[in-house]
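Everything below concerns the one structure shown next.
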Amino acid sequence: MATGLCFLLFGLGTLLLALLLTPMTFLLPIGRQIKSRFARKMIQLSAWLFVRIMWIMGLLSFEFKGLELLDRQGILIIANHPTLLDAIFLMSVIPNATFVVKAAMARNLVTRWMVSLAGYIPNDEGVGLLERAAATLKAGNKLMIFPEGTRTDDSGMQFKRGAANIALMADCLIVPVLIDCQPMTLRKTSKWYQSPETKPHFYFAVLPDIEIARQIDQNRPSGIQARQLTAIMQTRLADELRQLG
Amino acid sequence: MTLTRDSLLAQIKIILQEQFDIEPDDVNLDSRLREDLDIDSIDAVNLMIELKSLTSKKISLENFHQVKTMSDMLDAVLAFLQQDKA
Chain E
5 MATGLCFLLF GLGTLLLALL LTPMTFLLPI GRQIKSRFAR KMIQLSAWLF VRIMWIMGLL
65 SFEFKGLELL DRQGILIIAN HPTLLDAIFL MSVIPNATFV VKAAMARNLV TRWMVSLAGY
125 IPNDEGVGLL ERAAATLKAG NKLMIFPEGT RTDDSGMQFK RGAANIALMA DCLIVPVLID
185 CQPMTLRKTS KWYQSPETKP HFYFAVLPDI EIARQIDQNR PSGIQARQLT AIMQTRLADE
245 LRQLG
Chain W
221 MTLTRDSLLA QIKIILQEQF DIEPDDVNLD SRLREDLDID SIDAVNLMIE LKSLTSKKIS
281 LENFHQVKTM SDMLDAVLAF LQQDKA
């Protein structure tokens, strides 16, 4: 019941935000940069509020560790992707970040204006995605991407190489964020109305940086570098997750 | 220079090993690029660049999403070179 209410609330909230932000795209005589900063701030506030509402309604609890490490320029933030709420939680705590989002969000009638106004990058652009993402990082923005490209399914974490390729192209610092949720809820393979018996606890921990130059030989062909870096990123998160037990 | 199917396969195996660390013994005509060899769209672009230097012709990417197996790739590259000659 409460879960359904939250889905409804999320839908309405998103609609409201879209209605608020859309006129800005056309009407306000301010620069693109300021509009996008403002849109991101609004999205962050809405996500923050939504997370608190779910918490107050007793639907979940959560804890963050090492958040201050995320407020740095030009970093690539990566995370594993166990649940539907991961992006909302991260949007609520990372200031002014460019998110790589599901392509459907860039097409959806309600969310497309937000995505475009906030300068988020849809994940279906292939090689174009890499170039846009790397350019964003080089301009000093922080970029957030889920290297799995979708939520983790039963076969476990399987990183695609896009995130590594972006990092290599931008030659930037990689900051991994571990996400865990116990008991597991809102997974790819579960229905949204299947709530667990006990209240799920979301845990977010920022892990030590991955420095590309210290991890891989940058003289090797880019295809091999991307494979090595992908393996390193995935191992780092998988190991930490295993240690949590 | 005429390129036979066999010699093209041998050349591509060398590229796959150099660029992606794929063992030549793991590659045969039936290998599926995505599922078996783990070649993604970014790799495909790199592969095309390497093929270009091999055939000294720009290989177009347009039909690459139809290429599923090594055998498809050989057909596509040979057809491309043939058509370019005519």
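Note that the protein sequences, when read in sequence, are chains E and W. Take our numbering: the last position of the first sequence gets the number 249, and nothing is skipped along the way. Take our numbering: the last position of the second sequence gets the number 306, and nothing is skipped along the way. Ideal Cβ positions, reconstructed from N, Cα and C, are used throughout, including at glycine.
query	result
Identity of the residues DSSP links to Y207 (chain E) by a beta bridge	E:E67 and E:D184
Cβ of E238 (chain W) within 8 Å of any chain E Cβ	yes
Min CB distance V131 (chain E) to chain W below 8 Å	yes
Partners in chain W for R165 (chain E), counting only beta-carbon separations shorter than 7 Å	D260 and I262
Burial state of P27 (chain E) (16 or more Cβ within 10 Å)	exposed
Option nearest A51 (chain E) by Cα separation, candidates E:T18, E:M109 and E:S96	E:S96
Cutoff 8 Å: D241 (chain W) Cβ touching any chain E Cβ	yes
Chain-ordered residues of the segment 279-302 of chain W with a beta carbon less than 8 Å from chain E	none
Beta-carbon proximity list for L294 (chain W), same chain, < 8 Å, skipping 5 on both sides	R225, L228, L229, I232 and L249
C-alpha distance - P244 (chain W) paired with L257 (chain W), whole-angstrom precision	11 Å
contact_flag[the segment 259-266 of chain W, the segment 288-303 of chain W] where n(CB pairs < 8 Å) is 3 or more	no
Nearest-angstrom Cα separation, counted from R36 (chain E) out to L89 (chain E)	29 Å
DSSP-derived helix/strand/coil call for A143 (chain E)	coil
Expected contact under 8 Å - CB spacing of L141 (chain E) and L134 (chain E) to nearest Å	Not really, about 11 Å apart at Cβ, beyond 8 Å.
Nearest-angstrom Cβ-Cβ length linking V114 (chain E) and L19 (chain E), presumed shorter than 8 Å	6 Å
Contact between the segment 180-194 of chain E and the segment 216-234 of chain E (3+ Cβ pairs under 8 Å)	no
8 Å Cβ cutoff, V265 (chain W) in contact with chain E	yes
Contact between the segment 48-66 of chain E and the segment 144-161 of chain E (3+ Cβ pairs under 8 Å)	no
C-beta atoms of R240 (chain E) and A122 (chain E) nearer than 8 Å	no
Beta carbon proximity, L134 (chain E) to chain W, threshold 8 Å	yes
CB of L94 (chain E) within 8 Å of CB of L182 (chain E), strictly	no
Residue of E:G153, E:A91 and E:W117 minimising C-alpha distance to D128 (chain E)	E:G153
Chain W within 8 Å of I228 (chain E), Cβ atoms only	yes
DSSP beta-bridge partners of L80 (chain E)	E:L147 and E:I178
Through-space distance from P151 (chain E) to Q237 (chain W), alpha-carbon basis	25 Å
Expected contact under 8 Å - CB spacing of A167 (chain E) and I92 (chain E) to nearest Å	Not quite, the Cβ-Cβ distance comes to about 20 Å (not below 8 Å), so this is no contact.
Outcome for H85 (chain E) when other beta-carbon atoms lying within 10 angstroms are tallied against a minimum of 16	buried
Length of the line joining the Cα atoms of R136 (chain E) and I125 (chain E)	8 Å
Same chain only: Cβ atoms within 6 Å of L271 (chain W), ignoring 5 sequence neighbours per side	I279
Euclidean distance between Cα positions of N112 (chain E) and K106 (chain E)	10 Å
First through last residue of the alpha helix (DSSP H) which encompasses F42 (chain E)	R36 to I60
Interface flag, N169 (chain E) vs chain W, CB-CB below 8 Å	yes
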